[in-house]
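A.B. asks: With positions in the sequence shown counted from 1, the corresponding number in my numbering is that position plus 1. By construction, the Cβ of each residue, glycine as well, lies at the ideal position given by its N, Cα and C atoms.
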Amino acid sequence: MPSIRVDFYLLASNQNDARWLIACRLLEKAYAKGHKVYVLCNNQQDAELLDELLWTFKEDSFIPHNLQGEGPEPPPPIQIGYGREPRGFNDILLNLANYIPDFYPKFKRIMEIVINEETDKEQSRAHYRDYRAKGCELHTHQID
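1) Would you mind sorting residue 17 into buried or exposed? The rule is 16 or more other CB atoms within 10 Å of its CB.
2) Looking at C-alpha atoms only, which residue of 54, 71, 70 and 69 is the closest neighbour of residue 63?
3) DSSP puts residue 20 in a beta bridge; with which residues?
4) Quick one: is residue 140 buried, meaning 16 or more other Cβ sit within 10 Å of its Cβ, or exposed?
5) Please state whether the Cβ-Cβ distance between residue 113 and residue 102 is less than 9 Å.
6) Alpha helix (DSSP H) containing residue 130: first to last residue?
7) So what's residue 92 in DSSP terms, helix, strand or just coil?
8) Helix, strand or coil: which one does DSSP assign to residue 69?
9) So, are the CB atoms of residue 137 and residue 97 less than 9 Å apart?
10) Under the assumption that residue 28 contacts residue 79 (Cβ atoms under 8 Å), give the Cβ distance between them as a whole number of angstroms.
11) Pull up the DSSP beta-bridge partners for residue 81, would you.
What follows is the structure, encoded as structure tokens:
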């Protein structure tokens, strides 16, 4: 079984808004490349915020998405959820939650976004160690 690739995107900004903007850009890029992405948020409020941002972050962009459990069957390529396992997704997990979900092994790739803030960096270091201990292939990317 090939190892799971985990990409950490390290932001220069310490603003949480930067995390949401990069999330939208990563989702736009993944969609353009034909990937299916499940976005895991901490709670319903975060999931609804991202849902709204994907409609408005760029005037000329359209990213088919919906909140988990809503919308058409089969679901669009981007599904946003919280607190429960997705169905039908095994491509990319964009983990915006503050924990690593038990279902992470169902994905080929995981993306995590880290803002330049001490609590966030500590949490991401713990995730990095955990993924490494589980044999994942780790990559980091500096985003200015």
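C.D. replies: Reading from the atomic positions:
1) Label assigned to residue 17: exposed.
2) Taking each of 54, 71, 70 and 69 in turn and checking the Cα distance to residue 63, the smallest one comes out for 54.
3) By DSSP's assignment, residue 20 forms no beta bridge with any residue.
4) Answer is exposed; the Cβ neighbour count stays below 16.
5) No, the Cβ-Cβ distance between residue 113 and residue 102 is not below 9 Å.
6) Residue 130 -> alpha helix (DSSP H) spans 119-134.
7) Residue state, collapsed to three classes: coil.
8) In this structure, residue 69 counts as coil in the three-state DSSP scheme.
9) Inclusion of residue 137 and residue 97 in the CB contact set at 9 Å is not warranted, their separation being larger than that value.
10) The pair is a contact, with the Cβ atoms about 6 Å apart (cut-off 8 Å).
11) Paired residue(s): 40 and 68.
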